[in-house]
Amino acid sequence: MKTKTLKLAVLLAVCLVSINVVAQQTLSLQNCRDMALENNNNIKIHEEKVKMADYDKKIAFSNYLPKISAEGSYMYNEKAIQLLSDDKINAINTMGSAIQGDINGHIDPIIQSLMENPYMSYIITHSETIQNLINNMHHIGVLEALDAIGQEITKEFYLDTHNVYAGMITVQEPVYAGGKIRAYNKMARYAQDLAQMQLTTEQQEVIVATDKAYWQIVSLANKEKLTENYVELLRTMSDNVEKLVAEGMATNADKLSVKVKLNDGELTLIKVKNGLALSKMLLCQSIGLPLDSEITLEDEELDDVVVPTYENEYTEEYIMDNRPELQSLKLATQIYDKKVNIARSDFLPTVAVFGNYIVTNPSCFNGFENKFRGMYNVGVVAKVPLFHFGEGYNKVQKAKSEATIYKLQLEDTKELVMLQVSQYEKQIKEAEQRLQMTTEKMSDAEENLRMATVGFNEGMIPSSTLEAAQTSWIQAHSEYIDAKIDVIMANTYLKKAVGNLQ
Numbered sequence: 001m002k003t004k005t006l007k008l009a010v011l012l013a014v015c016l017v018s019i020n021v022v023a024q025q026t027l028s029l030q031n032c033r034d035m036a037l038e039n040n041n042n043i044k045i046h047e048e049k050v051k052m053a054d055y056d057k058k059i060a061f062s063n064y065l066p067k068i069s070a071e072g073s074y075m076y077n078e079k080a081i082q083l084l085s086d087d088k089i090n091a092i093n094t095m096g097s098a099i100q101g102d103i104n105g106h107i108d109p110i111i112q113s114l115m116e117n118p119y120m121s122y123i124i125t126h127s128e129t130i131q132n133l134i135n136n137m138h139h140i141g142v143l144e145a146l147d148a149i150g151q152e153i154t155k156e157f158y159l160d161t162h163n164v165y166a167g168m169i170t171v172q173e174p175v176y177a178g179g180k181i182r183a184y185n186k187m188a189r190y191a192q193d194l195a196q197m198q199l200t201t202e203q204q205e206v207i208v209a210t211d212k213a214y215w216q217i218v219s220l221a222n223k224e225k226l227t228e229n230y231v232e233l234l235r236t237m238s239d240n241v242e243k244l245v246a247e248g249m250a251t252n253a254d255k256l257s258v259k260v261k262l263n264d265g266e267l268t269l270i271k272v273k274n275g276l277a278l279s280k281m282l283l284c285q286s287i288g289l290p291l292d293s294e295i296t297l298e299d300e301e302l303d304d305v306v307v308p309t310y311e312n313e314y315t316e317e318y319i320m321d322n323r324p325e326l327q328s329l330k331l332a333t334q335i336y337d338k339k340v341n342i343a344r345s346d347f348l349p350t351v352a353v354f355g356n357y358i359v360t361n362p363s364c365f366n367g368f369e370n371k372f373r374g375m376y377n378v379g380v381v382a383k384v385p386l387f388h389f390g391e392g393y394n395k396v397q398k399a400k401s402e403a404t405i406y407k408l409q410l411e412d413t414k415e416l417v418m419l420q421v422s423q424y425e426k427q428i429k430e431a432e433q434r435l436q437m438t439t440e441k442m443s444d445a446e447e448n449l450r451m452a453t454v455g456f457n458e459g460m461i462p463s464s465t466l467e468a469a470q471t472s473w474i475q476a477h478s479e480y481i482d483a484k485i486d487v488i489m490a491n492t493y494l495k496k497a498v499g500n501l502q
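All residue numbers for the sequence shown refer to the working numbering, where the first residue is 1 and numbers rise by one.
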């Protein structure tokens with residue numbers, strides 16, 4: 001039974017340790033950088049801007065290519081088109097009857113005059129041939145056929161346009177646009193590079209902020225260790241002083257003094273722990289972890305901070321070519337130079353060729369038919385601006401002024417960047433000197449604390465002297481750690497300043 005209980009206890013302990021290991025994350029500086037770059041929303045915004053710039057570049061290139069479009073339409077008309085008036089249509093429809101009336105108007109008087117002569121009247125009345133001729137002259141089939149032909153003709157002048165269909169395919173290709181298309185393409189390439197430079201700038205800002213948060217945690221973690229050791233020493237010292245008071249070798253004042261120092265140390269430890277917790281929450285927010293995540297940094301587990309060996313080799317030309325802010329201003333200057341060309345192109349001739357294929361129903365290519373029939377056409381269109389009362393000149397001058405502004409800003413920024421590099425160089429030297437001084441100070445403080453501890457244990461020095469030695473040692477050790485971190489951060493700032501922060 002005891003064996004089973006022991007196995008269960010061991011298994012439970014292993015499970016608890018496993019859960020704690022899973023929950024606790026150990027992160028290196030590079031891990032934090034990678035996670036910050038992956039989860040930062042500003043970087044994601046700039047990445048989308050890079051994509052947008054790439055699309056703009058493709059859009060600009062498409063202006064070199066032909067534009068093909070298709071159009072279609074349908075229209076219903078209440079009334080059809082009638083090319084002749086109602087009077088003319090009526091005249092054409094009855095042209096045979098009109099001719100018959102004219103014939104009757106001429107023949108009837110002649111026959112009437114002949115009937116007045118008895119002899120002619122007898123011949124006309126008794127001659128079957130003459131009677132047939134007179135009847136045929138009043139009823140001629142040809143004249144009736146003319147009415148039918150007239151009606152057919154008027155039908156052709158009646159256009160059935162109640163339902164109208166039309167379609168067109170157009171191809172248009174620019175031949176010359178005053179250099180605008182070429183300028184837009186170069187601007188799009190510069191804008192793409194500018195978006196990439198802005199992304200690089202934002203990435204470097206995130207890296208610097210992450211490094212700063214990382215090393216702040218390392219500094220606070222070391223302060224926590226030091227403060228814990230200090231509090232533990234004070235507790236041991238407090239116990240020893242109480243024993244000395246009981247033996248009459250120390251006073252109550254010594255006892256109270258140690259307790260005050262112990263209370264101050266415990267309060268300082270609480271503040272350091274809270275600061276460390278808040279700093280870790282800030283880092284978690286930066287790298288995309290939940291705020292309550294349990295994280296441990298590699299360097300905070302070490303007893304000392306390791307300062308890498310830095311080789312900062314660069315020239316002014318290297319800085320000009322690699323600092324993202326300078327590259328961004330260079331690209332902005334080039335973009336505004338192209339805007340001058342675009343402003344000028346608005347007042348230069350433009351030439352384009354085009355071709356259309358048009359289909360309609362009704363169609364008019366074989367008479368008037370209610371059928372789909374089409375045709376194509378090709379042509380050239382040219383536009384030559386003549387006079388705009390100085391509008392073009394003023395637009396070009398305005399664009400030149402904008403380009404000049406960015407050139408001047410670029411020159412100022414170059415000077416400021418070189419000044420910044422000089423400042424960081426001096427900051428590195430100061431940090432290295434401070435590190436050397438704090439190293440010596442820490443060595444002295446350690447020796448002073450050792451001697452004070454020995455003297456206090458032998459009853460040769462008072463507790464206040466030991467407290468002072470302990471305080472000096474903690475301060476010296478804290479300054480030593482901070483000096484190392486300052487050297488690391490100063491080199492990081494310099495790398496960013498020269499454009500070498502990867």
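Ideal Cβ placement from N, Cα and C applies to all residues, glycine included. None of the values given here were measured: they were computed from a predicted structure.
Other residues of its chain near residue i: CB distance less than 8 Å, five sequence neighbours each side excluded
{"i": "L391", "result": "The question names Leu, yet the displayed sequence has Glu at residue 391. So the list reads F347, once near-sequence residues are dropped."}
{"i": "L199", "result": "I43, H46, E47, K49, V50"}
{"i": "T296", "result": "Q24, Q25, T26, L27"}
{"i": "Y376", "result": "G355, N356, Y357, I358"}
Beta-bridge pairing of residue i - partner residues as DSSP gives them
{"i": "L494", "result": "DSSP lists no partner for L494."}
{"i": "A382", "result": "V351"}
{"i": "G72", "result": "G167"}
{"i": "N361", "result": "Y165"}
{"i": "P174", "result": "A352"}
{"i": "K67", "result": "Q172"}
{"i": "G374", "result": "V359"}
{"i": "T296", "result": "T26"}
{"i": "L159", "result": "I81"}
Coil, strand or helix - residue i by DSSP
{"i": "S238", "result": "helix"}
{"i": "Q502", "result": "coil"}
{"i": "E301", "result": "coil"}
{"i": "P324", "result": "helix"}
{"i": "T309", "result": "coil"}
{"i": "K51", "result": "helix"}
{"i": "G248", "result": "coil"}
{"i": "E369", "result": "strand"}
{"i": "A483", "result": "helix"}
{"i": "L291", "result": "coil"}
{"i": "I81", "result": "strand"}
{"i": "T315", "result": "coil"}
{"i": "N457", "result": "helix"}
{"i": "H388", "result": "coil"}
{"i": "N41", "result": "helix"}
{"i": "M1", "result": "Unreliable positioning characterises M1 in this predicted model, as indicated by a pLDDT of 44, which lies under 50. The coordinate reading is nonetheless provided below. Looking at M1 - three-state DSSP - the assignment turns out to be coil, as it is neither helix nor strand."}
{"i": "D346", "result": "coil"}
Integer Cβ distance of residue i from residue j, believed to fall under 8 Å
{"i": "L501", "j": "I207", "result": "6 Å"}
{"i": "P514", "j": "F368", "result": "Since the displayed the chain opens at 1 and closes at 502, residue 514 lies outside it and no answer follows."}
{"i": "L283", "j": "Y214", "result": "7 Å"}
{"i": "L234", "j": "V258", "result": "7 Å"}
{"i": "K395", "j": "T333", "result": "K395 to T333, Cβ: 19 Å. No contact."}
{"i": "V498", "j": "Y318", "result": "7 Å"}
{"i": "T236", "j": "T268", "result": "Contact flag wrong, Cβ pair sits at about 17 Å."}
{"i": "A183", "j": "D56", "result": "No, A183 and D56 are not in contact; Cβ-Cβ is about 14 Å, not under 8 Å."}
{"i": "I68", "j": "Y357", "result": "Between Y357 and I68 the Cβ distance is about 11 Å, and since that is not below 8 Å, they are no contact."}
{"i": "K441", "j": "E479", "result": "7 Å"}
{"i": "V231", "j": "E266", "result": "6 Å"}
{"i": "M75", "j": "V175", "result": "No, M75 and V175 are not in contact; Cβ-Cβ is about 35 Å, not under 8 Å."}
{"i": "E244", "j": "A250", "result": "Note that residue 244 is Leu in the sequence shown, not Glu. Confirmed, about 4 Å."}
Close-in-space but distant-in-sequence residues of the same chain around residue i (CB under 7 Å, 5 per side omitted)
{"i": "Q285", "result": "L291"}
{"i": "N370", "result": "D160, N361, P362"}
{"i": "V22", "result": "Confidence in V22 is poor, its pLDDT being 38 and thus under 50, which makes the residue's placement too unreliable to answer from."}
{"i": "N40", "result": "V206"}
{"i": "A221", "result": "L276, E300"}
{"i": "Y64", "result": "I181"}
Proximal residues to residue i (C-beta, below 6 Å), its chain only, five neighbours per side dropped
{"i": "G514", "result": "With the chain covering 1 to 502 only, the question about residue 514 has no answer from this structure."}
{"i": "A195", "result": "K49, V50, A53"}
{"i": "Q427", "result": "A490"}
{"i": "A177", "result": "T350"}
{"i": "K223", "result": "V272, S478"}
{"i": "N322", "result": "G499"}
Residue-chain proximity (residue i, chain C), Cβ-Cβ < 8 Å
{"i": "F365", "result": "Of the chains in the structure shown, none is chain C; there is only one protein chain."}
Sequence ranges, alpha helix (DSSP H) only - wholly within the stretch 253-283, length at least 4: Segments of the alpha helix (DSSP H) lying fully in the stretch 253-283: there are none.
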